[in-house]
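Okay, structure first, notes after.
Protein chains: 2
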Amino acid sequence: MNLIKKSAAKAPKPAAEPPVHEQVYQKLRGQILFGEMAPGQAVTIQGLTDSLGAGMTPVREAIRRLISDGALVFQGNRRVSVPVLSAADVEQLIFVRQALESELTRRAARHVTPGLIAELEAIDSALDSAIAAGDVSGYLQQNYNFHTALYARAQAPVMLDLSDRMWLRFGPSLRVVCGRFGTQNLPDRHKELLDALRIGDIEAAAGAMAEDVVQGMQMVDAVLEERSVQV
Amino acid sequence: MNLIKKSAAKAPKPAAEPPVHEQVYQKLRGQILFGEMAPGQAVTIQGLTDSLGAGMTPVREAIRRLISDGALVFQGNRRVSVPVLSAADVEQLIFVRQALESELTRRAARHVTPGLIAELEAIDSALDSAIAAGDVSGYLQQNYNFHTALYARAQAPVMLDLSDRMWLRFGPSLRVVCGRFGTQNLPDRHKELLDALRIGDIEAAAGAMAEDVVQGMQMVDAVLEERSVQV
DNA sequence: CAGCAAAAAATTTGATCATATTCTGTCCCT
DNA sequence: AGGGACAGAATATGATCAAATTTTTTGCTG
């Protein structure tokens with residue numbers, strides 16, 4: 001229909017840019033997910049207007065969205081910061097992620113294609129490279145990509161949205177885990193998951209994902225315990 | 001500490017008011033949850049600045065939060081509207097709500113007190129009154145209160161947040177259900193739930209809630225089907 | 001001559017910014 | 001140590017610019 005714009009001779013923008021508040025949101029989201037922000041770190045509007053070169057209205061909107069996502073917390077007075085997880089939070093994250101992500105895996109496994117398996121293999125090998133290189137940010141990003149690429153096949157936008165929300169909550173803490181244990185010692189169940197997908201064993205795939213989730217969250221819990229004792 | 005403000009002779013505000021964007025958010029949230037907005041209805045910023053008497057910045061922030069909540073949808077162009085649920089959405093809502101709310105019930109049931117039971121009984125009787133009076137908005141509100149009062153005892157803020165999010169999604173559609181079937185024909189499992197709580201049968205309580213959830217969502221699905229056939 | 005269609009203007013709405021006001025936290029002075 | 005002033009940051013408003021929808025006008029065809 002009218003998906004193709006007029007695109008007259010004037011146009012220097014063949015691809016209409018997303019609005020600034022969306023760009024700011026995506027940028028902050030990436031920083032939170034991939035470990036560029038530490039738990040407890042304060043977030044100020046003016047700091048972001050400077051570092052991102054945007055006005056304050058778009059920054060305000062992005063921060064509101066992230067607060068609603070649980071990716072940032074509003075601290076009663078007018079301060080905003082990156083959340084520090086409590087033991088109770090982690091316990092709930094384990095329950096929800098296990099229920100949600102094993103079901104997403106189950107649904108994605110029903111629509112599995114050779115293309116998907118190849119895509120996941122590529123991501124997993126990129127992930128291994130990042131581990132070998134000690135690239136924490138790259139590791140976090142590829143790990144997220146692995147899960148996201150799989151879940152995208154589940155045809156379940158509502159559940160996908162909830163899952164993303166959970167990732168935003170523990171993203172910053174995952175960075176701390178890497179800093180503490182190193183990327184070398186972060187086991188996952190991606191290989192088992194891929195094996196299960198290849199032979200079409202849906203329940204095995206869901207089980208592998210559940211184990212992957214629990215394992216990851218237990219690492220977070222361990223670091224958390226260490227911190228709370230230290231403090 | 002300094003909870004008591006100076007409160008000099010001037011002060012007409014003994015209780016510090018919440019910021020405007022918060023007030024706007026709560027107001028819109030109530031309108032969406034309790035059926036004052038129809039699925040598909042368009043939401044404009046300028047319309048809200050007029051009807052709520054607020055500036056556009058607070059309204060914008062409230063809308064962003066609600067979009068992040070899934071209570072409103074951004075329609076690609078710059079339009080925002082109340083979401084219309086698809087059959088796939090309802091199916092996912094059933095799965096998620098069943099898993100989440102039965103677990104919340106389980107956790108709340110472990111900390112059950114006579115005070116909680118009395119509170120729930122009071123809400124349920126107010127709910128019955130609203131049904132008898134044909135007060136749709138009151139019915140929706142009391143129904144929400146019933147679930148919320150119970151879940152508040154679960155000591156699970158993360159899961160509570162997700163649950164609230166789900167309610168925001170189907171709130172407008174629930175209103176349509178009432179309009180179609182009337183409040184008289186909306187069965188719930190509150191009585192069974194209260195019985196289970198009284199005798200301390202945690203699993204029975206969780207089961208009753210799961211049935212309550214499925215029943216409610218099936219009503220939404222039925223109306224949805226009717227609509228899609230009609231169109 | 002009437003009706004449809006396409007194009008252009010006008011209105012409505014959203015996005016962004018700059019500015020003023022209010023509040024919180026801190027530091028200094030008594 | 002307690003109270004008050006100062007500084008920094010957040011909230012909120014209004015104005016301005018850009019985009020999209022709607023309406024109007026114009027031209028063409030049956």
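One line per chain: the protein sequences are A and B, in this order.
Using full-length UniProt numbering, you'd call the opening residue of the first sequence number 1 and step up by one each time.
Using full-length UniProt numbering, you'd call the opening residue of the second sequence number 1 and step up by one each time.
Glycine included, C-beta positions come from ideal geometry on N, C-alpha and C.
What residue range does the alpha helix (DSSP H) around Pro172 (chain A) cover? Residue range 157-181 is occupied by the alpha helix (DSSP H) that includes Pro172 (chain A).
From the beta carbon of Leu48 (chain A), is the nearest beta carbon of chain B less than 8 Å away? Residue-level contact by beta carbon fails for Leu48 (chain A) and chain B, as no gap is shorter than 8 Å.
Give a yes or no on whether 8 Å exceeds the smallest Cβ distance from Gln41 (chain B) to chain A. The beta-carbon of Gln41 (chain B) is placed no less than 8 Å from the nearest beta-carbon of chain A.
Ala71 (chain A) and Leu168 (chain A): beta carbons closer than 8 Å? Going by C-beta atoms, Ala71 (chain A) is nearer than 8 Å to Leu168 (chain A).
Roughly how many angstroms lie between the CA atoms of Arg65 (chain B) and Pro157 (chain A), to the nearest whole one? The C-alpha of Pro157 (chain A) is placed about 18 Å away from the C-alpha of Arg65 (chain B).
Can you tell which of B:Pro172, B:Arg29, B:Thr49, B:Glu119 has the C-alpha that lies nearest to the C-alpha of Met37 (chain B)? It is B:Pro172.
Glu101 (chain A) CB to nearest chain B CB: under 8 Å? Residue-level contact check: Glu101 (chain A) does not touch chain B, since none of the beta carbons of chain B fall below 8 Å from its beta carbon.
Kindly identify the DSSP beta-bridge partner or partners of Val24 (chain B). Checking the DSSP bridge columns, you'll see Val24 (chain B) has no partner listed.
Close beta carbons around Met56 (chain B), own chain, < 7 Å, minus the five adjacent residues each side: Excluding sequence positions up to five before and after Met56 (chain B), its CB lies within less than 7 Å of the CB of Ile45, Thr49, all in the same chain and listed in chain order.
Between Met159 (chain A) and Gln92 (chain B), how many whole angstroms is the CB-CB distance? I'm expecting something under 8 Å. The C-beta distance from Met159 (chain A) to Gln92 (chain B) rounds to 5 Å, short enough to fall under 8 Å.
Helix, strand or coil for Phe34 (chain B) per DSSP? Correct three-state label for Phe34 (chain B): coil.
What is the residue span of the alpha helix (DSSP H) that Ile123 (chain B) lies within? Per DSSP, Ile123 (chain B) belongs to the alpha helix (DSSP H) from 114-133.
In whole angstroms, give me the CA-to-CA distance for Val220 (chain B) and Leu100 (chain A). Whole-angstrom Cα-Cα distance: 22 Å.
Going by the CB atoms, is the gap between Val213 (chain A) and Arg106 (chain A) shorter than 8 Å? Not in contact: Arg106 (chain A) and Val213 (chain A) (Cβ atoms no closer than 8 Å).
Return the residue from the list B:Leu194, B:Phe181, B:Ala133 that minimises the CA-CA distance to Leu224 (chain B). Out of B:Leu194, B:Phe181, B:Ala133, B:Phe181 has the C-alpha closest to the C-alpha of Leu224 (chain B).
Can you name the residues of chain A whose CB is closer than 8 Å to the CB of Ala220 (chain B)? Rather than Ala, the amino acid found at residue 220 (chain B) in this sequence is Val. Near Val220 (chain B) there are no residues of chain A at all, since even the closest Cβ is about 13 Å away, more than 8 Å.
Roughly how many angstroms separate the alpha carbons of Arg79 (chain A) and Val24 (chain B), rounded to a whole number? If you take the alpha carbons of Arg79 (chain A) and Val24 (chain B), they lie about 20 Å apart.
Best match in B:His190, B:Glu211, B:Pro83 for proximity to Ile117 (chain B) [C-alpha to C-alpha]: Per the Cα distances, B:His190.
C-alpha distance - Val136 (chain A) paired with Ala126 (chain A), whole-angstrom precision: Straight-line measurement puts the Cα of Ala126 (chain A) at about 12 Å from the Cα of Val136 (chain A).
For Asp195 (chain B) and chain A, any beta-carbon pair shorter than 8 Å? Closer than 8 Å: no.
For Val80 (chain B), does the three-state DSSP call read helix, strand or coil? Reduced to three states, the DSSP call for Val80 (chain B) is strand.
For Pro83 (chain A), is the classification buried or exposed, using 16 other Cβ atoms within 10 angstroms of its Cβ as the cut-off for buried? Buried.
Using a threshold of 8 Å, state whether the C-beta atoms of residue 235 (chain A) and Ala208 (chain A) are closer than that. Given that chain A is displayed from residue 1 to residue 231, the structure contains no residue 235 (chain A) and the question cannot be resolved.
At the level of alpha carbons, what is the spacing between Ala133 (chain A) and Cys178 (chain A)? So the two alpha carbons sit approximately 13 Å from each other.
State the Cα-Cα distance for the pair Phe34 (chain A) and Arg175 (chain A), rounded to the nearest angstrom. If you take the alpha carbons of Phe34 (chain A) and Arg175 (chain A), they lie about 7 Å apart.
Own chain partners of Arg110 (chain A) with C-beta closer than 7 Å, once the 5 adjacent residues on each side are dropped: Counting only residues of its own chain and dropping the five nearest sequence neighbours on each side, Arg110 (chain A) has a CB closer than 7 Å to the CB of Ile202.
Look up Ala42 (chain B) in the DSSP assignment and give the residues it is bridged to. Under the DSSP definition of a beta bridge, Ala42 (chain B) partners with B:Ser81.
Whose C-alpha, out of B:Val43, B:Pro187, B:Ser163, is nearest the C-alpha of Gly102 (chain B)? Note on identity: in this sequence residue 102 (chain B) is Ser, with Gly being the wrong assignment. Here the closest residue by C-alpha is B:Ser163.
Quick one, which residues of the stretch 152-164 of chain A are near chain B if we go by CB-CB under 8 Å, in chain order? Result list: Gln155, Ala156, Pro157, Val158, Met159, Asp161, Leu162.
Grab me the residues of Thr183 (chain B)'s own chain with a C-beta within less than 8 Å of its C-beta, minus the 5 sequence neighbours each way, in chain order. Closer than 8 Å at Cβ, skipping near neighbours: Ala130, Ile131, Gly134, Asp135, Val136, Tyr139.
Relative to the C-alpha of Ile123 (chain A), which candidate in A:Ile63, A:Leu194, A:Leu104, A:Ala108 has its C-alpha closest? When only C-alpha atoms are compared, the closest one is A:Leu194.
Thinking C-alpha only, which one of A:Ser81, A:Gln155, A:Leu85, A:His147 is nearest Ala87 (chain B)? Checked all of A:Ser81, A:Gln155, A:Leu85, A:His147; the closest Cα to Ala87 (chain B) is A:Gln155.
Taking Cβ-Cβ distances below 9 Å as the criterion, which residues of the stretch 87-112 of chain B are in contact with chain A? If the cut-off is 9 Å between Cβ atoms, the stretch 87-112 of chain B has Ala88, Asp89, Glu91, Gln92, Leu93, Phe95, Val96, Ala99, Leu100, Glu103 near chain A.
Could you tell me the distance, in whole angstroms, from the CA atom of Ser81 (chain A) to the CA atom of Val73 (chain A)? One Cα belongs to Ser81 (chain A), the other to Val73 (chain A), and the distance between them is close to 6 Å.
List the residues of chain A whose Cβ lies closer than 9 Å to the Cβ of Asp69 (chain B), in chain order. Per Cβ cutoff of 9 Å: Ser68.
Range of the contiguous alpha helix (DSSP H) that encloses Gln184 (chain A): That residue, Gln184 (chain A), is in no alpha helix (DSSP H); it is neither H nor E in DSSP.
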